[in-house]
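Written below as C-alpha cells is the structure these notes are about.
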Amino acid sequence: MKRTVFKILTVFFGVFIFVESSQSQDTINTVRSSGRLLLENHWLHTDNIAGTAFNPFLPDGDFVLGFISKEGDMRRVQLSPNEQIYSFNSEKSVRINKLLFNGNIGYENKQQKDVGWTARMNPVTHNPYMLADSLYGLYIKDYVYLAGGVSYMINKRFSTGVQVNYQVGDGARIKDPRAKNKLFKLEAYPSFIYSLNKMKLGLNLYLLTGREKINYSTLENSTTYRFFRTLGLGKTTVPVNGWSYERNYYLSGYGGEFQVQYSIGDLKLLSGFGYSSVLEKSEDGSSYPRKTDSGDFEEKSYRFYTILNYHKNLIQSFGLHVDASTGQGIEFLQEPYIEEGITRYRTIAEIENYTTLEFMPRIKYTLAKPYNVYSNKWEITVDAGMDIFSSEYMLEAEQSYTNILSDLQFKKSFYLKKNFIRISTSGILIYNLDNKLEQLNTYTASQEIAIWNHIIEPDFFLTTSNLYTLKASLRYGRNFQLLKVKSSLIYIDFGINYSSASHDQWSKNKTFKLYHFTLGFTY
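Under the working numbering, the first residue of the sequence shown carries the number 168, and numbering increases by one thereafter.
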C-alpha cells in the first residue's frame with residue numbers, strides 16, 4: 168500500500184507541475200471559495216459533471232494534511248471508542264479552452280482501538296449479512312482515493328463530461344482471530360446537458376462496481392474461535408467454530424438522474440429526479456463458494472430535489488430534498504453435489520426474508536453576504552428534516568423509528584491584507600418522535616440472543632436517542648507566493664465537536680468528542 172501511494176503521488180505531482188507551468192497564472196490576492204461556487208452554480212449540487220463547464224470561476228486548488236481524534240461511548244457498537252485518523256488530500260481544477268479538468272487524490276489511515284462484532288471495513292450499512300466475532304482489538308485501515316472528471320462545452324447548446332471515482336483499501340485487526348480486508352470501489356458518471364435560451368436539460372448515468380474480500384486468520388491455532396454470520400435483526404446461522412474463515416462481497420449498481428434548470432434574471436431554479444439500484448452479493452469460501460450462510464442485499468434509492476437561488480445584494484438559496492429507499496435481503500437454500508470428486512453447491516430456492524424502507528424529506532435555506540465575486544463575508548444555513556425508517560426480518564423481528572433532524576450553521580470570514588480568518592460554528596439536534604423494536608418470535612438460540620443483546624438493541628437505542636452536537640472551528644491563513652508566480656494561502660484549521668445523547672434505557676447520557684487539525688495551502 169505505501170509503495171503504491173508513493174507511485175501515485177509521484178505521477179500526480181509531475182502532471183500537476185506540467186499543467187501549472189503551461190497555464191497563465193492568476194496573481195489576485197484573494198480566496199476562491201468552493202462554498203461560494205456552490206451558491207453560484209446549481210449543477211455542483213448534482214452528479215452531472217458536465218455542469219462544471221458553467222463555473223463562473225475556478226476554486227482554489229487545495230492540499231491538506233489532516234489529523235482527527237475521536238473518543239466517547241456515544242457510538243455504534245461496531246465502531247471504535249477511541250480512533251485516530253491521519254490523512255492528506257489534494258484537489259485541483261484546470262481549464263484549457265473549453266475543457267475543464269477536475270482531479271482529486273487522497274490517503275487516509277485509521278487507527279481504531281477496541282473494535283469488535285464486525286469484520287467489515289465499513290460496518291455502518293443497511294446490509295444485514297455481516298461476518299463478525301465477539302472479540303475486540305486494534306483495527307488498522309488504509310484507504311487511497313482517486314477521482315477525476317472532465318467537462319467539455321461542445322457548443323453553446325451542448326456540453327458533456329464524465330466523472331470517475333476510485334477507492335482502494337486494506338485493513339487488518341491486530342489480534343486473533345485476525346480479520347484481513349481488501350476492497351476496491353469504482354464509480355462512473357457519464358453526463359450531458361442541453362441548453363436552451365432560459366432552460367437547461369441535464370442527464371447523468373451512474374455505474375458502480377466493487378468488491379470486499381475478508382479473510383480471518385490466526386497466529387496461534389491452539390484456540391478455537393466462533394464466527395457469527397448474521398442474517399437480519401439478530402437472526403443468525405449456526406456459528407462456525409474454527410481457526411479461519413473467508414467471505415467475499417461483490418458490489419454492482421446502476422442508475423441515473425434527470426435535471427431541469429430554469430433562469431429568470433437573478434433567479435435560478437434547478438429540479439432533479441434520480442434513481443439507483445445497488446446490489447451487494449455475499450458468499451463464503453473461495454474456490455467453491457457457497458451462499459447458504461450469507462445473502463444478497465439490494466437497495467433501490469429515489470431522489471427528488473428542487474433548489475432555488477437568488478443573487479442580488481445577498482445570495483439566497485432554498486432547497487427541498489426528498490430521499491427514499493427500499494431494501495431487500497435475499498437468502499438461498501443450497502444443496503451440495505459432487506462433480507469430478509469436488510463438492511460444489513447449487514441453489515434450489517431463493518427467499519426474501521429481510522426488508523427495509525426509509526423516507527427522508529428535508530428543507531435547507533442559506534443566506535450569504537458576498538465579499539467579492541469569489542468569496543463571502545458570512546453565511547448562515549438552516550437545515551431541517553425527518554428520518555422515517557423501518558425494517559423487518561420476516562415473522563421474526565421488526566424495528567421502526569421516526570426522528571426529527573435540524574442543523575444551524577454560521578460562518579464568518581475576515582480578510583485582513585495578507586491574512587485570512589474564518590470562524591465556523593454549528594449546532595445539530597436530533598429528536599426521536601416514535602420508535603419500536605420487538606421480536607415477533609422470541610429468540611432462544613444462544614448466538615441470536617448474543618447478537619440481539621450486543622448489537623441490535625444497543626445500536627437501536629443510539630439511533631432513537633435524543634441527541635445534540637455542537638461544532639466550532641477556526642481557520643487562519645496567510646498569503647504567500649508559490650513558485651514566485653501565483654498568490655497562495657497557507658493555513659491551519661482546528662476545531663472540536665461535542666455530542667451528547669440521552670435515552671430512557673440509559674442510566675446516564677452518552678457523549679462523543681471529535682478534535683481535528685489540518686495544515687494546508689491553496690494553489
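From the three backbone atoms N, C-alpha and C, an ideal C-beta is built for every residue, glycine too.
Nearest residue (CA-CA) to residue i, options the options
i, options, result
"TYR303", "SER667, ARG340, ALA516 and GLN672", "ARG340"
"GLU379", "SER318, LYS367, LYS448 and ASN408", "LYS448"
"GLY316", "ARG324, ASP281, ASN332 and ASN633", "ASN332"
"ALA346", "LYS259, TYR665 and SER301", "SER301"
"LEU363", "PHE526, SER468, VAL427 and SER236", "VAL427"
"TYR421", "GLU466, ASN415 and ARG457", "GLU466"
"THR391", "PRO226, THR397 and VAL407", "VAL407"
"MET366", "THR397, TYR429 and LEU313", "TYR429"
"TYR582", "SER542, HIS670 and PHE499", "SER542"
"ASN269", "ASN249, THR292 and SER318", "SER318"
"LEU205", "ASN476, VAL291, LYS277 and PRO295", "ASN476"
"ILE595", "GLU413, LEU437, SER666 and GLU275", "SER666"
"ASN208", "LEU434, ASN294, GLY496 and THR292", "LEU434"
"TYR361", "TRP673, PHE499, GLY462 and TRP210", "TRP210"
"GLY644", "TYR658, ILE622 and THR636", "TYR658"
"ASP463", "LEU232, ILE431, GLY496 and TYR469", "GLY496"
"TYR488", "ASN520, ILE623 and GLY439", "Reading off the sequence shown, one finds His at residue 488, where the question assumed Tyr. For the residues ASN520, ILE623 and GLY439, the minimum Cα distance to HIS488 belongs to GLY439."
"TYR722", "ASP281, ALA286, GLU258 and GLU624", "Any property of residue 722 remains undetermined from this structure, which presents the chain solely from 168 to 690."
"SER580", "ALA612, ASN620, LYS603 and ASN539", "ASN539"
"SER411", "ASP343, LEU372, LYS458 and TYR472", "ASP343"
"LEU225", "ILE252, ASP214 and VAL261", "VAL261"
"ARG393", "GLY409, TRP284, GLU258 and GLU387", "GLY409"
"SER558", "ASN520, LEU436 and ASN664", "ASN520"
"LEU418", "TRP545, LYS578, LYS458 and GLU354", "GLU354"
"ALA516", "LEU500, SER443, ARG529 and THR523", "LEU500"
"LEU232", "LEU246, TYR253 and TYR416", "TYR253"
For residue i, the residue or residues it bridges with in DSSP
i, result
"VAL291", "None; VAL291 has no bridge partner."
"HIS478", "ILE482"
"ASN215", "Note: ASN215 sits in no beta bridge, so no partner."
"ARG203", "Answer is none; ARG203 lacks a bridge partner."
"ALA612", "BP columns for ALA612 are empty, so no partner."
"GLU507", "Looking at the DSSP assignment, GLU507 forms no beta bridge with any residue, so it has no partner."
"MET241", "In DSSP, MET241 forms no bridge with anything."
"ASN348", "GLY338 and ILE381"
"GLY552", "ARG529 and LEU572"
"TYR373", "GLY422"
"HIS683", "ILE235 and GLY662"
"ARG262", "LEU267"
"GLN672", "Answer by DSSP bridge pairing: none, since GLN672 is not bridged."
"TRP210", "Bridge partners of TRP210: none, in fact."
"ILE590", "LYS579 and LEU641"
"PRO537", "ASN543"
"PHE464", "GLU447 and GLY496"
"LYS603", "SER567"
"ARG513", "GLU502"
"SER358", "GLY328 and ASN371"
"PHE230", "SER257 and PHE688"
"LEU629", "DSSP lists no partner for LEU629."
Anticipated Cβ contact below 8 Å, residue i with residue j, distance rounded
i, j, result
"MET288", "LEU350", "6 Å"
"THR592", "ALA639", "5 Å"
"TYR690", "GLY228", "4 Å"
"THR327", "PHE359", "5 Å"
"ILE216", "TYR356", "6 Å"
"VAL244", "ASP671", "That belief does not hold up - the Cβ atoms of VAL244 and ASP671 are roughly 19 Å apart, past 8 Å."
"LEU646", "LEU634", "At residue 646 the sequence reads Asn, which differs from the Leu that was named. So it is not a contact: roughly 40 Å between Cβ atoms."
"ASN348", "ASP337", "6 Å"
"THR636", "TYR568", "About 18 Å separates the two Cβ atoms, so there is no contact after all."
"GLY369", "TYR312", "About 26 Å; that fails the 8 Å criterion."
"SER468", "ARG414", "Their Cβ separation, rounded to whole angstroms, is 25 Å, which puts SER468 and ARG414 out of contact at 8 Å."
"LEU641", "GLY662", "7 Å"
"GLU250", "LYS680", "Wrong, their Cβ atoms sit about 11 Å apart, outside the cutoff."
"SER257", "PHE234", "Rounded, the Cβ-Cβ distance is 16 Å, inconsistent with contact."
beta-carbon residue i near the ligand FAD non-hydrogen atom, thresh 7 Å
i, result
"SER384", "Ligands are entirely absent from the displayed structure, and the ligand FAD is therefore not among its contents."
(request) Check whether the stretch 394-406 touches the stretch 609-616, taking contact to mean three or more Cβ pairs, one atom from each stretch, closer than 8 Å. (result) They touch, by the three-pair rule.
(request) Evaluate contact between the stretch 201-217 and the stretch 584-601, counting only Cβ atoms and requiring at least three cross-stretch pairs below 8 Å. (result) Taking 8 Å as the limit for Cβ pairs, the verdict is that the stretch 584-601 does not touch the stretch 201-217.
(request) Evaluate the contact criterion for the stretch 474-481 versus the stretch 449-458: three or more CB pairs, one atom per stretch, below 8 Å. (result) The stretch 474-481 vs the stretch 449-458: no contact.
(request) Inspect the CB distances between the stretch 546-559 and the stretch 567-582 and report whether three or more fall short of 8 Å. (result) These segments touch.
(message) Between the stretch 259-279 and the stretch 220-234, can you find at least three pairs of beta-carbon atoms closer than 8 Å?
(response) As far as the Cβ criterion goes, the stretch 220-234 touches the stretch 259-279, which means the pair count is three or higher.
(message) Does the contact criterion of 3 or more C-beta pairs under 8 Å hold for the stretch 591-609 versus the stretch 369-385?
(response) Look at the beta carbons and you see the stretch 591-609 not touching the stretch 369-385: under three pairs across the two are nearer than 8 Å.
(request) Evaluate contact between the stretch 605-612 and the stretch 555-566, counting only Cβ atoms and requiring at least three cross-stretch pairs below 8 Å. (result) As far as the Cβ criterion goes, the stretch 605-612 touches the stretch 555-566, which means the pair count is three or higher.
(message) Within 8 Å, do at least three Cβ pairs link the stretch 497-510 to the stretch 305-319?
(response) Between the stretch 305-319 and the stretch 497-510, the count of C-beta pairs closer than 8 Å stays below three; the two stretches do not touch.
(request) Within the stretch 265-315, note down every full beta strand (DSSP E) run reaching 3 residues or more, in order along the chain. (result) Counting whole runs of 3 or more residues, the stretch 265-315 contains the beta strand (DSSP E) stretches 266-283.
(request) Could I get the ranges of all uninterrupted beta strand (DSSP E) runs contained in the stretch 387-449, with 3 residues as the minimum, in chain order? (result) Correct list: 392-399, 407-409 and 412-431.
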